[in-house]
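Going by this note's numbering, 142 is the number at position 138 of the sequence shown; the sequence numbering is gapless.
Backbone N, C-alpha and C define an ideal beta-carbon position, used for all residues, glycine too.
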Amino acid sequence: MKENAPERTLLCELADAWGVATEYWGFDGNKVMVSDLTLIRILASLGVDASSELSARRALEEARMRPWRETLPACTVVRDDRESRVAVHLPHGAGVTVEVELENGGARALAQGEDFTPPREVSGVLTGQASFVVPARMPLGYHMLRARITLDDGSTEVHGAPFVVVPQRLASPAERGMTGWGMTAQLYSVRSRRSWGVGDTADLKEMCSLFGAMGADFILINPLHAAEPVGHITPSPYLPVTRRFFNPLYVRPEDVHEVAYMPAAQRALVTWAGEEIKETDVLNEVIDRDSSWEAKLQALEVIFAFGRSKARQRDFERFRATEGQGLEDFALWCALCERYGEDFTEELSSPATPHSALQRLELAERIDFFAWLQWIVDTQLEDAQREALDSGMALGIFHDLAVGVHSKGADVWSNPGIFASGVTVGAPPDVYNQHGQNWSQPPWSPVALRESAYAPLRNLVHTVLRHAGGLRVDHVMGLFRQWWIPAGNPPSEGAYVRFDHEAAVGILMLEAYRAGAVVVGEDLGNVEPWVRDYMRERGILGTSVLWFEAYDDGTFKQPWDLRRETLVTVDTHDLPPVAGYLAGEHVDLRDRLGVLAEPVEKVRADAELERQRMMSRLAEHGLIDENSSEREIIEAMHRYIARSPGELLAIALVDAVGERRAQNQPGTDEEYPNWRLPLADGSEQVVLVEDLKGNPRLRSLVTAFVSELHTARQKVCAPPPIASGASLRRRRMRKRTAFPEP
């Protein structure tokens, strides 16, 4: 560090002003001080120069003056259940009136309240502050504040800024009249005999129909975010190129409307494109996304070239108009990747460059094609969601929102100013990874988010929830604070950066309310306790995984001690299915891959102790005995969580069919086929969608689970749903049965 670097006290004060934590509590219970150099580098990523004593003092003064330089706050987010205030800054002595222009028309004048804040000099102008009262029960929505200032010379100025009113709380599943159970599945892994090597929207539709008939309210699937449009597709659904748009890999080509009207010769081209890749559906081999997409791309280009009716073309054009510039930029990025690969020149560094504008004209046809792909995915997801609701599901499709995006992806390219530079997101050291984690994903800048009125968050949630009834937010702490790691630093040498969670969570809730959706936040791991209280207050469910729910003495929690406001499951996609976990196969795998942080003997002994504690708890409740089989133990664990007060509960499809292999092994990349294993049973025989209805293990598990759930909750019929945004749509009253006979 330079000799004139700022003193620690000044640096801490500046960091606090910009939401950068200077210390944190480590997993071992000790307080950790963030180094000065790390603070300086993270502040630089926010556009704050703290490299010297002088620059730090200037930056601190600017931070203090920042609100006074804004006539109106850049973006105001308020709850609808309470009175709030808005500060206006204007030349001292000038007159001002403020009103809210409602998004659906009309305006509401705000009354001025008392404000005795002394005036301050701002850039040579004596500036005063006036406060205006926003009454409770303002209409929900995206509105605009308008301040009309009358200056001493009689002239007027009009200033505007976004003003968002969000719900205080989302209705709970119980308040919506749900029994509240569902299935979880990694969609890419669940294939049928008509799939193109990867589970797709048609397979999702079939599962929605089947599980809906069983009485399930939802099916929670992996993120369907778009991946690379050409070249090698990143297998992880949690490292997408964009979180707003969907991966056309999940399209079923034959289900595109136009295929039915093609001449035989053209339709044959579609059929031939899929013949070879379809042969892999019945094989227990690593899923080859690249080959699947190559085959689908051939078919989809034939279908696109065939054209559309005038009515269908108008539907497509309306879709493009609705998605707006975001879709056009994403489609341009895809076309550029196709032409140049992922490493663009400086001339193509963003959609705003002159060369990008020229390419937009030259690549117009390919842009049309990539936009069309998004429309096709959208229509097929709409069809699957319609089937889910028609089959009796209360929520239907439950999407998963990844925590971030690829550093060279479409989101970063399309809107580079919204991302902080020179840092990546990860996690500090914890008991599972004592070196910390670097996820190699660039974070949104909290400053840029506010200045954009949270448009990136609003747009992505709106798009993802268009045909869905639920959203799981991976690592929900990212809406509150994130662990930022300066480039070149090890993961352990980072700091927490705070976000305006009131605004971010409010935007998420408003979009969920309008979609009639339930929101679940993945709040496992290092989460501040108050965050869970805050989520409960707002009607956002947390996450409860039975394997992680233990008392201080290590014994598993009683079912009644599990949190009510959660989605309760037995395991997660980062653990082996129960069959493999009970057998200790996760220890063998981690030992074989060399990712254990402790001696294998100790890890194996700890795993056996954990298993014995689980068996003891299940036996205590009379759910198993010493002669219970693997299948009976798995059913007992699900009956156990059925006795919990959890608002939502879910069965993992891998547990239902006896799969033993983990879909993902944290801490590995190419060492293990993460996110590439097809669904199989305990003997590693592929389980296809057509096989699910007659699968004896699935039938037995669902019957046992639903029977236990109904007994525990003492009801067999769901009450009528309450009014909640888009959930006002009518849903038939129906009796919940364990499993329909074939």
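- In the three-state scheme derived from DSSP, where H, G and I count as helix and E and B as strand, Asn442 is classed as strand.
- In the three-state reduction of the DSSP assignment, Glu332 falls in the helix class.
- Per DSSP, the unbroken beta strand (DSSP E) holding Trp185 starts and ends at 185 to 189.
- For Trp487, the enclosing beta strand (DSSP E) stretches over residues 485 to 490.
- With fewer than 16 neighbouring CB atoms inside 10 Å of its own CB, Lys314 falls in the exposed class.
- As computed with DSSP, Tyr28 is found in a beta bridge with Val36.
- Rounded to the nearest whole angstrom, the CA to CA distance from Ala519 to Leu47 is 37 Å.
- Following the DSSP letters along the chain, one finds Gly216 inside the alpha helix (DSSP H) bounded by residues 205 to 218.
- The C-beta distance from Arg197 to Asp285 rounds to 6 Å, short enough to meet the 8 Å contact threshold.
- In this chain, the beta strand (DSSP E) harbouring Ile401 covers 400 to 405.
- The beta carbon of Arg364 lies closer than 6 Å to those of Leu336 in the same chain, with the five residues before and after it left out.
- Uninterrupted alpha helix (DSSP H) stretches at least 4 residues long and entirely within the segment 240 to 325 occur at 268 to 282, 293 to 310, given in chain order.
- By the neighbour-count criterion, in which a residue is buried when 16 or more other Cβ atoms sit within 10 angstroms of its Cβ, Tyr555 is exposed.
- Residue range 160 to 170 is occupied by the beta strand (DSSP E) that includes His163.
- Rounded to whole angstroms, Pro143 and Asp84 show a C-alpha spacing of 7 Å.
- Across the set Glu506, Arg665, Arg370, the C-alpha of Glu506 shows the shortest separation from the C-alpha of Arg173.
- If you look at Tyr146, you'll find it isn't in any alpha helix (DSSP H); it sits in the beta strand (DSSP E) that goes 145 to 154.
- Following the DSSP letters along the chain, one finds Pro358 inside the alpha helix (DSSP H) bounded by residues 358 to 366.
- Going by DSSP, Tyr585 is part of the alpha helix (DSSP H) stretching over 582 to 586.
- Between Gln302 and the set Arg647, Val509, Pro649, Glu279, the nearest pair of CA atoms involves Glu279.
- In the structure shown, the three-state DSSP call for Val129 is strand.
- Straight through space, the alpha carbons of Ala472 and Phe402 are spaced by roughly 6 Å.
- The C-beta distance from Asp578 to Asn442 rounds to 17 Å, too long to fall under 8 Å, and the pair is not in contact.
- Excluding residues up to 5 positions away in sequence, Glu27, Tyr28, Gly30 lie with their Cβ nearer than 7 Å to the Cβ of Val36 in the same chain.
- Pro447 counts as buried, since at least 16 other C-beta atoms from the protein chains shown sit within 10 angstroms of its C-beta.
- Within the same chain, Pro677, Arg680 come within 6 Å of Val290 by CB-CB distance, once the 5 residues on both sides are set aside.
- Ranked by Cα distance from Pro450, the first of Phe310, Val607, Tyr500, Leu469 is Tyr500.
- By the Cβ neighbour-count rule, Gly33 is exposed, with fewer than 16 other Cβ atoms within 10 Å of its own.
- Across the structure, Leu483 and Arg247 are spaced so that their CA atoms are roughly 15 Å apart.
- Under the DSSP assignment, Leu652 falls in the beta strand (DSSP E) whose first and last residues are 652 to 656.
- Inclusion of Gly510 and Ser176 in the CB contact set at 8 Å is not warranted, their separation being larger than that value.
- With respect to the C-alpha of Val245, the residue from Gly588, Val409, Arg635 having the closest C-alpha is Val409.
- For Tyr500, the three-state secondary structure derived from DSSP is strand.
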